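K.L.:
Protein chains in written order, with the numbering used here: chain E, 20 to 416; chain Y, 238 to 522. Glycine included, each C-beta is placed from N, C-alpha and C at the ideal position. Computed from a prediction, not measured in an experiment: that's the story for all the values here.
(1) Roughly how many angstroms lie between the CA atoms of residue 258(E) and residue 477(Y), to the nearest whole one?
(2) Quick check on the DSSP output: the alpha helix (DSSP H) that includes residue 400(Y) runs from which residue to which?
(3) Using a Cβ-Cβ distance cut-off of 7 Å, determine whether residue 246(Y) contacts chain E.
(4) Closer than 9 Å by beta-carbon distance: list the chain E residues that pair up with residue 357(Y), in chain order.
(5) Quick one, which of 94(E), 306(E), 148(E) and 119(E) has its alpha-carbon nearest residue 334(E)'s?
(6) Using DSSP with H/G/I as helix, E/B as strand and the rest coil, what is residue 200(E)?
(7) Which residues in the same chain as residue 517(Y) place their Cβ atom closer than 7 Å to its Cβ, once the five residues preceding and following it in sequence are excluded?
(8) In terms of residues, what are the limits of the alpha helix (DSSP H) holding residue 259(E)?
(9) So, are the CB atoms of residue 508(Y) and residue 443(Y) less than 7 Å apart?
(10) Taking the DSSP output, what are the residues bridged to residue 368(Y)?
(11) If you count every other CB in all the chains shown that lies within 10 Å of the CB of residue 266(Y), and 16 or more means buried, which is it?
(12) Is residue 354(Y) helix, strand or coil when you go by DSSP?
(13) Examine chain Y for any beta-carbon lying closer than 7 Å to the beta-carbon of residue 271(E), and answer yes or no.
(14) Against chain Y, with Cβ distances strictly below 7 Å, would residue 206(E) count as a contact?
(15) Taking C-alpha atoms, which residue in 501(Y), 436(Y), 408(Y) and 415(Y) lies nearest to residue 316(Y)?
(16) Got a sec, what are the start and stop residues for the alpha helix (DSSP H) residue 356(E) sits in?
(17) Only counting the same chain, and skipping five residues up and downstream in sequence, which positions put a Cβ closer than 7 Å to that of residue 336(E)?
(18) Under a Cβ-count criterion, where at least 16 other Cβ atoms within 10 Å of its own Cβ denotes burial, should residue 148(E) be classed as buried or exposed?
(19) Can you give the Cα-Cα distance for residue 311(E) and residue 290(E), rounded to whole angstroms?
(20) Is residue 376(E) helix, strand or coil by DSSP?
(21) Can you list, in chain order, the residues of its chain whose CB lies under 7 Å from that of residue 58(E), leaving out five sequence neighbours each side?
(22) Distance cutoff 7 Å, beta carbons only. Does residue 110(E) sit that close to anything in chain Y?
(23) Distance check for residue 308(Y) and residue 416(Y), CA to CA, integer angstroms please.
(24) Quick one: is residue 48(E) buried, meaning 16 or more other Cβ sit within 10 Å of its Cβ, or exposed?
(25) Span of the beta strand (DSSP E) holding residue 228(E)?
(26) Leaving out five residues before and five after residue 458(Y) in sequence, what residues of the same chain have Cβ atoms less than 6 Å from its Cβ?
(27) Among 275(E), 358(E) and 331(E), which one has its Cα closest to the Cα of residue 344(E)?
(28) Mind listing which residues of the stretch 446-460 of chain Y have their C-beta closer than 7 Å to chain E's C-betas, in chain order?
(29) For residue 414(E), count the other beta carbons within 10 Å of its own beta carbon; 16 or more makes it buried, fewer makes it exposed. Which is it?
(30) Could you tell me if residue 402(E) is buried or exposed, where buried requires 16 or more neighbouring beta carbons within 10 angstroms of its beta carbon?
(31) Going by DSSP in three states, residue 513(Y) sits in which element: helix, strand or coil?
(32) Which runs of the alpha helix (DSSP H) fall wholly inside the stretch 273-304 of chain Y and span at least 4 residues, in chain order?
(33) Could you check the C-alpha separation between residue 248(E) and residue 329(E) for me, to the nearest Å?
(34) Compute the Euclidean distance between the alpha carbons of residue 524(Y) and residue 333(Y), then round it to the nearest angstrom.
(35) Using the beta-carbon of each residue, which ones in chain Y are nearer than 7 Å to residue 235(E)?
(36) Just to make sure I have the definition right: I need the residues of chain E whose C-beta is within less than 9 Å of the C-beta of residue 364(Y). Which are they?
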């Protein structure tokens with residue numbers, strides 16, 4: 020009797036064993052078999068409401084356009100790309116919440132997005148802890164070196180280092196620097212000052228920083244008028260930038276001082292009207308870039324979104340970020356964080372700004388272009404193109 | 238930095254800021270003082286005035302036409318809001334707070350749908366300097382000061398020299414008694430709300446060349462108006478003048494000498510001290 024039971028039990032366990040072996044072989048068959056059924060989920064985290072919605076909306080459209088292009092060409096190594104969209108409400112606290120939601124609930128493989136440095140730092144704490152790749156598409160002050168965070172936005176050696184010497188040669192050697200009161204303007208101001216002084220120029224007064232929603236800049240304008248610099252280097256952003264530059268124009272200071280900035284592009288120029296004329300800006304991309312690739316990009320984008328009028332470098336950075344992210348996932352062949360981290364460096368993409376690539380320091384080799392606003396419609400005409408510049412990073416945050 | 242021209246310019250900067258604060262706050266003060274309603278959509282009424290100028294420009298009209306239309310458009314809109322929402326909530330301050338906040342969100346999204354989320358611009362109506370004895374100052378800022386003075390005079394005239402004003406003051410003192418004296422209090426509330434809204438719209442239209450016009454822009458003006466009204470005291474028109482004077486002059490004076498962040502913080506500290514010792518504000522209503 021006992022032997023019969025033992026035999027039955029043995030057969031039962033043999034059955035389990037065979038089942039387990041068969042199951043493991045099916046499940047263990049790497050990503051190839053399983054993955055071809057599962058789409059690549061990419062989280063798009065940007066500001067759809069709040070003060071940065073002006074940038075966030077176009078960023079989303081560019082991400083959706085990239086998504087369409089990728090899927091039209093067959094997806095990512097046979098897998099469909101699926102975007103999961105979340106609104107960070109221009110608030111870093113919400114950004115943290117939504118990043119967690121994207122990672123834990125939606126199980127995205129990559130997050131692309133964030134505009135301000137505050138948002139990037141907030142989201143970065145979540146993605147690094149949860150080991151999810153994060154692609155940041157906005158120009159910033161540089162120095163953010165965290166594993167798993169890749170940047171498709173310009174940094175000072177690309178955006179400022181060619182710009183300041185150009186200004187000193189073509190506009191003047193005396194500078195007045197003012198910006199919004201947070202990390203990007205403060206770190207960028209340090210770079211500007213160092214470049215100015217190295218070339219024998221002078222920053223005529225200590226840098227000034229203004230809290231958000233300063234409505235009246237007349238005191239600053241008064242001080243600039245007394246100092247009479249050749250260059251007003253503005254590091255104010257968003258609506259503060261527009262308010263200041265309008266008041267600067269209204270006081271007639273543009274007659275004696277030229278406004279140069281790395282914080283004004285198509286979106287701000289649209290709000291400036293005639294106050295924008297003559298402003299010189301430095302970005303890795305301008306909509307007026309006259310290349311076949313850019314024309315192809317804009318035509319396709321406008322066909323998909325006819326009401327979108329203006330694409331700035333932040334939106335183009337987002338478009339590039341989605342494509343670069345997709346290329347990295349295809350190259351890695353898996354969603355494993357370590358494999359993805361190794362896959363990003365070397366990824367090349369034919370962006371609207373030109374051919375860009377990811378360097379070993381987790382930043383991208385990007386274009387460096389200077390443009391001038393030429394009319395009251397916010398049109399920026401390119402006056403100097405330095406070409407694609409590799410990123411030089413000194414990690415400090 | 239302390240030369241005569243710099244000081245004169247800074248003095249005029251202060252005067253302009255005071256005038257601007259009066260323009261921004263007057264509508265809120267009147268509605269709050271007379272009806273007792275805290276209109277959290279006040280900032281949106283303000284920016285609707287700016288958007289009227291933008292719309293007028295988009296239709297090919299002159300900037301001054303836009304400025305003239307703004308109080309009419311926003312005043313009518315305010316009237317509709319009063320009849321549709323505020324009228325049902327007179328004795329319920331918390332509900333009006335909620336209702337007007339909800340209204341502010343709705344207006345912001347409507348603006349975004351109609352005008353888009355991007356910043357908008359329109360031509361400057363009066364660019365140039367006024368030069369007196371070799372000292373020049375933007376003529377539009379002088380115009381803003383004049384406009385503010387005109388608004389104060391008109392408001393004072395209406396409230397203290399007209400029949401309408403007598404009725405308004407009666408309602409402000411005791412609405413039930415006023416109603417018993419055959420004053421159509423409901424109609425007066427409508428006119429007051431419409432008038433306050435019209436003032437907000439006019440302020441927004443006048444300020445268009447000096448501010449960023451975006452759907453979210455109204456919020457910071459609500460904050461500023463609130464600050465001035467609370468500090469100055471509700472219920473008396475002079476309250477707005479007092480609040481604007483203190484905030485405007487102090488902020489301009491300080492921000493010339495020290496960093497903007499510290500200056501704005503100091504203004505807040507001074508306001509807190511004033512409210513601590515005079516909770517009713519500078520001028521009692």
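P.N.:
According to the structure shown:
(1) 27 Å
(2) 400-410
(3) yes
(4) 289, 290 and 292
(5) 306(E)
(6) coil
(7) 470
(8) 257-269
(9) no
(10) 373(Y)
(11) buried
(12) coil
(13) yes
(14) no
(15) 436(Y)
(16) 356-362
(17) 156, 157, 171 and 172
(18) exposed
(19) 28 Å
(20) strand
(21) 98, 99, 100 and 101
(22) no
(23) 29 Å
(24) Note that residue 48(E) scores 45 on pLDDT, short of 50, meaning its location in the model is unreliable; the coordinates nonetheless yield the value given after this. So residue 48(E) ends up on the exposed side.
(25) 227-229
(26) 261, 280 and 283
(27) 358(E)
(28) 446, 447, 448, 449, 450, 451, 453, 454 and 457
(29) exposed
(30) exposed
(31) helix
(32) 279-295
(33) 32 Å
(34) With chain Y running from 238 to 522 in the structure shown, residue 524(Y) is simply not present.
(35) 254
(36) 268, 269, 271 and 293
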